[in-house]
Every structure is written in structure tokens, then in C-alpha cells.
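S.K.:
Chains as they are written, first to last, in the working numbering: chain G, 1 to 345; chain W, 1001 to 1345; chain F, 2001 to 2345; chain C, 3001 to 3345.
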């Protein structure tokens, strides 16, 4: 069975695993209060060229989103997100579990726009409505698309205009930064938002995300939120160790190399499918692809390949999701393409 | 100043006030455990011709909605509502404050449909998404429209098909039941849902709503939810006394008479405005009207009349809301019509 | 049946009812945005001789406590209260429903002390523990005792020392201010805390409490909390009207007169019971008394009198609660005393 | 620096690390839906000799406690715990964040008793109080003591009598099961409760806890709670892999060996300290010790050893906590004992 199921179907990238092995016997304090987390935080700051922020090593994406949002908002405030956003469709209402509404807007190819933010704000009238105070977007989006620098800038300015904070979920930030269409550096992205995170889980780590908070009110006492929202690992240094391994070398780091490789295999897959005349459910620029197959072809493919059905069957056609991972090989990609070719010729 | 601000801008209808005065010196137990609440509950059961339900005297609409929804759902379950529903736009996220998502769907003239319920359900995949388990609608809707018996039946059947409960917010139930277009009796409405309430606040009471729960799992230990969600009044008998006064006489009761009168004055206002060529923002069948005036006309009207701007100005035109109340007189209606006539001729 | 069940077993004091009748036909805006609420707030400010505060007309005690606490605390902060405090024993965990811990301390005759506050604070270590940030006390306590000025001052100073806010639940504030043992004026009490409320429900109103907030961070956007925590009444002016009636006349107001009368009949009852050799479960200084009867005497008394059993039977003895209300008469008190005399001679 | 800071100051026990390395390149589905988690769950069931339960691989102790408690309780229900329990003192109110009260009782040497449970239940009266429905205890307790079989049985029977569930936090279950004083097998412990977990983090894993749920209502749809309360890891198989490594071999497994070794070094430390005349703050039977040193001795020790101050200094004496870990050596223990000897002779 060949996996295009997700970017987290294997363990850690060898560089990351090596670091975990090497540091395994060390004794450190727990809960992220250790030299590895400290050094990793320093590396993150160097990576983005900023020092005016808090950096927190979080155990996973959902606790990161939930802790950040809970820390940023007063109880009656809400967060605006695309209806395809991770906090809306894939976190079982964990944000609402903290009492906050996610104001879901039908995005454009998975993306929010200043106009959509205005529309969401127009629903607010006075103390009878939750007050939108935070905008949540993902770079790349859940459907693989990326915001251009111009788009990010427009959203950032809209947030400032409306006295809202901007938070960017970077679960797959690596593939956004390294994909062909990207025109935004991480320094630029950081400058446009009030908080964002660099995803490790989907970029070669066993787990772990590095959350960066610029907004001082959100940063204040943030560790209480980490613990309370279950984002704090007892052996927290494990996350620090992994980010040290990922970020070492800056633009030449494992973080970038892994991301580039995922994009490269995804591009090979996309181009191959296009050459075979496959249609796509939505346009992706990164390592998630959403081809549409007939029900029969899909069922045949499932005999050898493991992937995710993305949306319900409609008129005999099924959108699926293919994801490349740090371990995806050209051979695996080609096997898939060959099988599609056989099935659709 | 003449008020078309809301259906709760005056105190109680004289019949209700009289009952409060007459019973004022009585001693009873608190928190709704008194003979008046007991008798009112019995009257509600007779009113709907059902005995297999709990009836609770609640202090207001928001605690009623919140307590009912909190009691009906497990933590990971969500409620589907029209985007114009009261729980979405006018309760400051009180439902989300209990941890539940309100899945907001763009309704058709303020109404949900079976198709919209299907769409909302399609967002659910597995344990990564909140599970829609309750459908919330209002009769009449927030924009004055009413569901026909056929529409209510279709929604009710869709809920059963999808193993969901149906809850009907009846804050203004009286005007729905007594408006010209209505084809659903209260017995029929009750038979189609798992819970609903008969609104008092907007139908001549000082405050108070009579909540009826058919679903036994929701009814179980419901008084804990009443207290916890701030819907339980210390002098709870006040609500019982008011519903006794409102419901006495069944179809000839004050409840129906007040509602009919609100519809009558609203109809007079609507017909008058139509005759003057006024356009409307949305079609209403009950005691809320949504005419559109030019900014200038609206500002002139505000000198003598108090009403609510409904939506932002657009191209110089402003949708407003006019509501008739138990005390609205023909004279007040005619004064408004005359002024519009002067301003628009 | 004669009621010593609670201080809210009848309707409104005649002065309050009169005001409601007189203003019933007036049209005003809803949700407390009306001239009566405005004037009542001004009267409260005059009453306490302060202008640097927000005053809010709340529908009942539980939503008042919950909204205030939710507004005062960040999510990870907790409130310290006596284990007999209303928020701990009589609100069904409504405070915890907003996510905040109530740190319950075994009080001394129902009262907190600076030492108990220190003990509660010592449980706090770092971000692994909720941070106590608010102290909740009631004046009088749930068991009828009152804090002296020296005790209130010591608690207030302890709060300042520990960077905590002090909130005083004044559900029965009237009887505290007017009882024989009291040495604290309302101005002094106000000066010692960050928020408190003047209880209406238990002091002659149909319902309603006047919440006073000095802490500016808590006051900011407080109306969102009122709505979200179900403390905002649609016909909010009803609370304003009642407080106008209660507070008119300052020290000679109905508020003080009603409270004094409740204390007078309670004193008559207490002295009478003491003369009959009745023992008491706890010492009260206000209108709640906690005599202990044998099971047999208690059951005999229940044939003519309605009251509350306070604690489980122990060794054949049962602590009960007797409460005098605005309508309690000397005749009712004497009837009770005579019956006890007959049963215990 | 020698660490007696915690039982999680190093990485994974070599057996566990080896398993992670060996399986690193495998592709599996995410979120615990993989063959390793399945096999680990089967091994847990064999380990306890039961098949009528759900077994879930959770990322850490706090999400385990929170998800279990949230799944077990209706919103108005509460959990009884010792005041030293982990959910009360070390989880930042994460349980209260789900809306549930933790009813904290002053335990006896860190332990609850049937009498304390009765006391907590006596606080419950009716719908004005949260309803205690779950009892939370830890085996061993936070202060290192263990419940005897007789004590566990008595608590279990009390829970049944009062219609409450019993949940046992087994963060350090290994050392309880293998300490000298223990008289309860894991099969017996499992039979006495409705849910418990086998702790991995503090018993040689990088992280991970295996939660076992017998109560069918709690088990139903539990995966929603795992995700919603941030206890579900994307690469969930990592927890399965670790528990496979830990539990392989039953009574001869790494799980037991690691635990025994932690107890052995702790006993060596305890006996050594006793021989030196050190007094203890509380009696421990497992791998956490609570000696009391003078302030001066404590400060000297801190130059070479890293440990945790347990309680505030009192009269010049400071209780500290020493914990042995899977990697603790006799040499480290003896170094500590020698230094104490030098400092206290």
C-alpha cells in the first residue's frame, strides 16, 4: 500500500529523529523550561528576524489554535475564519469549547478577503452580538492554495482598520514558503500578523509547532493558556530539540529542504495527472492535491493507494485528496500516475 | 414621541397587570415551585392538547434558548440555525458560551429548509467535526415571516431522518398563530417538534416564556439547566401568574387577543405604506415590518417616531424596522402614515 | 399556612408595586436603555456618594454574580469564596460554567478572613494552577452574619496586597446595613471593594439587583456580559422603576424601611425563641435565623408554618431556617413563638 | 547537576526509543487509527484481563483527565477530588474550563475516603447545587502514597451506593503496582473503577497515556472528546508504538521493570535519608519523596542537585520533592545522601 493519505503518515524526518536520539539521555527541566526550547525559540526569532515576540513550543495544531484564540479574545469576542478553515471543519468545535464563536465565511478558493471580513463585521451591531476581534487564516489554506503578499497585506490592513488581530495558522507553512507561486518571505509574513505558527508535525517532526506571538496582551501569561488548553508537554524539550534540528541552517535548513521536497513530489504528481487529463476539485499550489476521479477509478486506486475522499460523490465523480510527505518518493508518485493511466485510458 | 421600536416597549397588558396586582400579597414557595406555575403549566398542556411534556416558566428568551440547547446536546454536538436566527445575531454568543457551535446557514426569507439542513450536515464528517444534533428555527422568524405547515412538516421529517431534534423559538408565537397567512395550529406545531416555547415578553407580559419539552432526555433534570443558565426567577410564581392571565380562555384568551391586535395594527401599517408606494426590505407576515426609506425621510421620521434601523444605509436608502405592540393604536399608525405621505409626496 | 420560607415569598412591597402600575403604559427603549434605569443609576450613585462607577440594573442575583465574575477574570483566573457562599452552594456551578474555579474555603461563621485568603493564595504556584484574582464575599453572609468594618477593611487590604479584586454580593445588603450590630455605612462598604450590588429581590422588589462596578477593566464592555450571561431584561426599565421607588428618600427610603422592618420582626422572633430556650445552629445578626428543633417539634411546626430545613438531621435534631420578609407581621411571629412554646413546654 | 526533579526529566527508556526508531519509516493512518494503536489497545486489554472496555491512546495526562471527565458528566455534574489531586492543583483549572466543578476535599495523606465522599455529597441539596457524579483519585497519589485494596474497595462501594462513577488517574500507576506496600493487582484495580489510565510519560515513554473506559455512556463517541480536548495526536501511532514496547511481556514487561527500578532507587534514597535522621513532610510509598531540610541545607544541595521545593518555608524548614526516574542511578542517589550527610553532620 502506497500512502498519499497525509503529510503525517510517517514518523520523523531522519535529521529530526537523529536529534531526538542524541539528546535522549539528557536531564532537563520539564514543560518547555529547558535549554533546547530556549535555543529553539532563539532560532525562531533569528529565522524571522524579530525579537519582540514570545515563542512557545506547542504539542500540536489544535491546542495551538485554541490556546492562542482563548488568550487573544475576551469572552464575548469572536474569530472570523473561512468556512474551510481548520478551526471550523477539523477541530470538533474546540474553539467554541472555550466559549468563542467562529464566524464562518464562504471563502474564495479557501481564502478570506477584506470584503468577507467587512461582511462578517457588518453582522455586528452592539452588545447583542459577539464582537469579531480576530481573523484566522491558514497559509497555505486547507485546500492547498496560498495567499499572495498583496492578499496578506490587504487582510492585514483591513484588520488594523477594524481594530482586529490577525493570526496565521502555519501548520503547513513550510510548503507555502517554498512553493513556486509564493512571493512572501517569512519575515514579511511575520510583519503582517499579530501571531502565527511554524508547523512541525506536517513538516518532518514527530509533532510540535512553534507559536510566535507579537501582540503583547495575548502574550501576557500565555503559559497559563498552554497548560489549560492541553498544549504543554511534560517532556517539552522534545519539541525544542526537533525545532533545533529543523531550523538549523536558516534558508538551507531541514525545515526548508523537507518542504521543498514535498512540493517537488506534489508538483510531479500534479503535472502527471494534468497530462493524463485529470480534472481537479480545487486549485492547489502546495503539497495537497484534489483530483476528481470516477467512482470506479477511485475504488480501483484504493486497492493499492491509501488516500482520503475529500467530498461526497456527485454524479458518479469523487473528489479525493492526495498529500505528499517528507518520505514520498518519485517511484511512489510514478506508480500512482501509471495506475491512473491504466485505469483511464 | 410615538414608539414602533419593539413589541416590548410598554409594561404589561392590563389583564396581566391586574393578575399580578391581585396575587401580589400571596405567599408561595420560590423558583417556580408554586401553585400558579403549576396551574399555568397545566393550562399550557391543555392549550396544546398534550400531557407528555415538561413545561417550565422561564424568565426570558435568551436563557430559555441557552438552557434548552445546553440540555439537549452533548458537548461535541452543534445546533443548526438560520444566519438571521436570534441565537446567532442577538444573544452575544450565549449558546457558544456553553461550548456549542451554532452552524449558521443563509436562510430563505429568514427560514431554514430541508436542503439547508442537508448542506449543514454534509459539513460533518467524523469526530473531527462537531455533530449537528439540533435544528433551531423561530416561528415567526426574526424577519417576520412564518413557516407554513408544509414547511414545518418537511423540516420535522428531515430532522427525524437525520436523528436530529427540532426546537422552535416562539418568542413571538402569538402573532404567528394569529396572522392571516398561518395554516398551523399550536397543536400541530407542538406535534412537529421536540421542544418549543410560548413567548410572553413580546405578547403582553412583563417578562416570561413558557417552555415545553417533549424530548425526555432533554427534560431530564432540566431544572439544573434553568438555574445554571440563569433562567430561574426567585419569585418564579410571577411568570405563572402572568401565563394564567394570558392563557385563560383558550382561543378566546388574552394571549390570542393581544396577538391578533398586534397583527391588525401591523396590517393597517403595512397596507398604508404599500398604498404610499413604500418598498420593503423583506416580506413580513406578522407584526414586524421592514420598510425602506431614503436617509432624509428616515431622519425626518425619527423626529416624531422611535424605531430601529435594521441594516446599514446603502445607496442613500435605509431599511428600518417598525413593530406594533399590545398598546399600539390606530391613531399612532395613522400618524406615521400621514407623516410618510407628507415626506414622500 | 404562615411563611418563614424566604424573603422572596410575596410579590413586591406596595411602594414598588405602585411605581410599576404608575409607569406601566409608558413607552421606553428596551434592555435598560431608558430614563428610569438612568435615573435609578444616578440615585444609586448619590446613595453611595460616588460617581466613578458603572451601575447596571440586573435581573437577578445569579446572573449578576456570574456576569461580574466573568467580566473581572481572565480565563485562567479563579475566585476565592467561603464554602457557604451563594456562588458555591446555590448557583448550580454557574460560575464554573463560565470556566472559572471557585476556590472554596471553610469560613468562620460564614465569613472569609485575611488568613483564609492567604491559605487559598498559597495553593497557587505558577501556570499549573489557576490564579486567584477575585475575592467573593456576601454582606450579610448566607448564614445571616455580618462583617464588621474592621473585618471588611482587613479583607480589602489583603486583596490590595495580593493584587486581587474584592466583590461583595449584596443580595440582602439592606438588612446588613440596618441591623443592630452593623458599623459600616454603604459609602464605607463601597470604598472598600471593586464591585458590589444592592439587592432588590430580597428587599421588596419583584426582582432586580443594582450592580455597581468601580474597577474600570471589569466595567469596560460590561453590557456584553449582561446579555451573554442572561442578566439583561428586555423590559429592563422595570428594574429601574423599582429601584427608583426603593431608593427615593435616601436614608428614609423604602429600601431602608423595608430592611429595618425585616430585621425588627427577625429580632422579635430571635429573642422570643431564645426566651424559650431554643438553641441555634449558627449566630445570625440579620433576618435569617437558624434554630434547631427536635425532629418531632419540627414536624409539628410544619403543619402550620412553611420553612426550610437547613441541614441534615443529626441525633434527632434538625436545623431549620426562618426568614422574615417585607410582609411578615408581629402576629405571624407570635403565632410561631406560641406554637414552639406549646410544643416544647 | 544531578536531577531528582521529576520522573520525566529524560527522554524515553531505551526499549521505547528503540521501538520508535524501528517503526519510524512506516506509513500508517493518523489519529490513532493504525495497527500499532490497535495492537497496544489489545495488549492493554490482555494486561488487565478485560475486553469490555474502550482503550484510547492519549497524548498526556491533562487531556486524558479533561476528556474523560467531560465525557462522563452532564454539564451540571461535578467531580469530587482530594485537594492535592492533580486536577485540582496542577492543571490550571482545565476541568473547570469544561464547565465542571472540582469539589476539593482535604484528603488523608493525599487520599479520599468514603467519609469524605459522603461529606461532599452532603453539600448537594437539589437543582441549586452541582450534582457530584464522579470521584477522581490517583494511584499513587500526588504525594506518593497508595490506596490499599481495602481502601479502593470501600471507595468503589461508596460510589456505587451514591450512583457515582470512579475514575483513577494512573499517571504513575507503574510505581503503585510495583511498590512494596501494594496489595492490589491491575486486574483488581480495573474491576473497582469505571475508568482509569496507565501512565506512560512518567514510566519511560516520551509521552502518552493509555486510557481504559468501562462505563459505556462515557465510552460512547469518546473520540469526539479526545479531539475536542486536545488529547488526539496527529501521528497517534507513536503512542501505540510506545505502549507496545512498554507492555510486551506482561509482568516481565519494560513497564513493570522501569517502575520497579524507580521504586528501588527511591527506596534506597528514602532509607538513606532516614538513616541520616531526615524528617519527611509526608509519607510516600513510591518514587516521590518529600524530605524536609533547613533552608541552608536546601540551598547548599541546590548547587549540585536539581529538585522541586514542595511547600513554602516554615520556621526555617523547607519541604522539597525528590523524584527518581527510569535513568536514576545508585551513584546519583549515593551522591545525594553523601552531600546531605556532610551538610547535616
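Beta carbons: idealized from backbone N, C-alpha and C, even for Gly.
How big is the Cα-Cα spacing for residue 1285(W) and residue 1009(W)?
M.R.: If I take the Cα positions, the gap works out to 21 Å.
S.K.: In angstroms with no decimal places, state the Cα-to-Cα distance between residue 2328(F) and residue 2270(F).
M.R.: One C-alpha to the other measures close to 14 Å.
S.K.: Residue 210(G) by DSSP, collapsed to three states: which one?
M.R.: If DSSP states are grouped into helix, strand and coil, residue 210(G) belongs with the strands.
S.K.: Give the secondary structure of residue 1077(W) by DSSP, where H, G and I count as helix, E and B as strand, and everything else as coil.
M.R.: Of the three classes helix, strand and coil, the one that applies to residue 1077(W) here is strand, per DSSP.
S.K.: Between which two residues does the beta strand (DSSP E) holding residue 2138(F) run?
M.R.: Element bounds for residue 2138(F): 2131 to 2138.
S.K.: What first and last residue would you give for the alpha helix (DSSP H) that runs through residue 1153(W)?
M.R.: Where residue 1153(W) is concerned, the enclosing alpha helix (DSSP H) stretches over 1149 to 1161.
S.K.: Residues in its own chain within less than 7 Å of residue 2013(F) by CB, not counting five upstream and five downstream?
M.R.: The residues are 2204, 2254, 2258, 2326.
S.K.: Opposite residue 82(G) in the DSSP bridges: which residues?
M.R.: In the DSSP output, where bridge partners are listed per residue, residue 82(G) has 105(G).
S.K.: What's the call for residue 1033(W), buried or exposed, on a 16-neighbour Cβ count within 10 Å?
M.R.: Counting Cβ neighbours within 10 Å, residue 1033(W) comes out exposed, since fewer than 16 surround it.
S.K.: Quick check on residue 228(G) - is its C-beta less than 7 Å from some C-beta in chain C?
M.R.: Chain C contact via Cβ: present.
S.K.: Out of curiosity, what's the CA-to-CA distance linking residue 118(G) and residue 3240(C)?
M.R.: Spanning the two alpha carbons is a distance of roughly 46 Å.
S.K.: Whose C-beta lies closer than 6 Å to the C-beta of residue 281(G) among residues of the same chain, with five residues either side of it excluded?
M.R.: Once the five neighbours on either side are set aside, the close Cβ partners of residue 281(G) are 290, 292, 319.
S.K.: Just verifying my parser: in three-state terms, what is the DSSP assignment at residue 2309(F)?
M.R.: In the structure shown, residue 2309(F) sits in a strand (DSSP, three-state: E or B).
S.K.: Could you compute how far the alpha carbon of residue 1003(W) sits from the alpha carbon of residue 1268(W)?
M.R.: Looking at the two C-alpha atoms, the distance is approximately 16 Å.
S.K.: Along the chain, where does the alpha helix (DSSP H) that runs through residue 61(G) open and close?
M.R.: That run of the alpha helix (DSSP H) goes 61 to 72.
S.K.: Among the candidates 287(G), 297(G), 237(G), 250(G), whose CA atom is the shortest distance from the CA of residue 3011(C)?
M.R.: Closest option to residue 3011(C), Cα to Cα, is 237(G).
S.K.: I want to verify the contact list: residues of chain C whose CB lies under 9 Å from the CB of residue 27(G), in sequence order.
M.R.: The contacting residues are 3001, 3002, 3003, 3005, 3009, 3010, 3306, 3325, 3327.
S.K.: In terms of alpha-carbon separation, which member of 1283(W), 1170(W), 1124(W) lies closest to residue 3224(C)?
M.R.: Nearest option by C-alpha distance: 1124(W).
S.K.: Return the first residue and the last residue of the alpha helix (DSSP H) that residue 2340(F) is part of.
M.R.: Unbroken alpha helix (DSSP H) run through residue 2340(F): 2330 to 2344.
S.K.: Is there a C-beta anywhere in chain W that falls below 7 Å from the one on residue 3070(C)?
M.R.: Yes, its Cβ sits closer than 7 Å to a Cβ of chain W.
S.K.: Residue range of the alpha helix (DSSP H) that residue 3036(C) falls in?
M.R.: Residue 3036(C) -> alpha helix (DSSP H) spans 3035 to 3048.
S.K.: For residue 1110(W) and residue 1085(W), I'd like the C-alpha separation in whole angstroms.
M.R.: Cα-Cα distance, rounded: 8 Å.
S.K.: Starting from residue 240(G), trace the alpha helix (DSSP H) in both directions and tell me its first and last residue.
M.R.: Residues 237 to 247.
S.K.: Output yes or no for whether 7 Å exceeds the beta carbon distance between residue 278(G) and residue 1089(W).
M.R.: In this structure, residue 1089(W) does not lie closer than 7 Å to residue 278(G) by Cβ.
S.K.: Using a Cβ-Cβ distance cut-off of 7 Å, determine whether residue 3076(C) contacts chain W.
M.R.: Taking Cβ atoms only, chain W reaches closer than 7 Å to residue 3076(C), which makes this a yes.
S.K.: Please identify the residue among 1048(W), 1001(W), 1054(W) whose C-alpha is closest to the C-alpha of residue 1222(W).
M.R.: When each option's Cα is compared against that of residue 1222(W), the closest is 1054(W).
S.K.: Step through the CB atoms of chain D and report whether any lies within less than 7 Å of the CB of residue 3128(C).
M.R.: The chain labelled as chain D is not found among the protein chains of the depicted structure, namely G, W, F and C.
S.K.: With a threshold of 7 Å between beta carbons, is residue 133(G) in contact with chain F?
M.R.: Taking Cβ atoms only, chain F never reaches closer than 7 Å to residue 133(G), which makes this a no.
S.K.: Along the alpha helix (DSSP H) that carries residue 3297(C), what are the first and last residues, could you check?
M.R.: Segment 3295 to 3301, the alpha helix (DSSP H) holding residue 3297(C).
S.K.: Would you grab the beta carbon distance between residue 3228(C) and residue 97(G) for me? Rounded to a whole angstrom, and I think it's under 8 Å.
M.R.: Contact holds; Cβ gap of about 6 Å.
S.K.: Per DSSP, which one or two residues make a beta bridge with residue 222(G)?
M.R.: Beta-bridge pairing links residue 222(G) to no other residue.
S.K.: Do you know how far the Cα of residue 2018(F) is from the Cα of residue 1243(W)?
M.R.: If you take the alpha carbons of residue 1243(W) and residue 2018(F), they lie about 22 Å apart.
S.K.: Pull up the DSSP beta-bridge partners for residue 169(G), would you.
M.R.: According to DSSP, residue 169(G) bridges with 138(G).
S.K.: Could you check where the alpha helix (DSSP H) with residue 1262(W) kicks off and where it finishes?
M.R.: Unbroken alpha helix (DSSP H) run through residue 1262(W): 1254 to 1275.
S.K.: Note the first and the last residue of the continuous alpha helix (DSSP H) segment covering residue 1146(W).
M.R.: Taken as a continuous stretch (DSSP letters only), residue 1146(W) belongs to no alpha helix (DSSP H), as it is neither H nor E.
S.K.: Give a yes or no on whether the C-beta atoms belonging to residue 3095(C) and residue 3137(C) are separated by under 7 Å.
M.R.: For residue 3095(C) and residue 3137(C), no; Cβs fall outside 7 Å.
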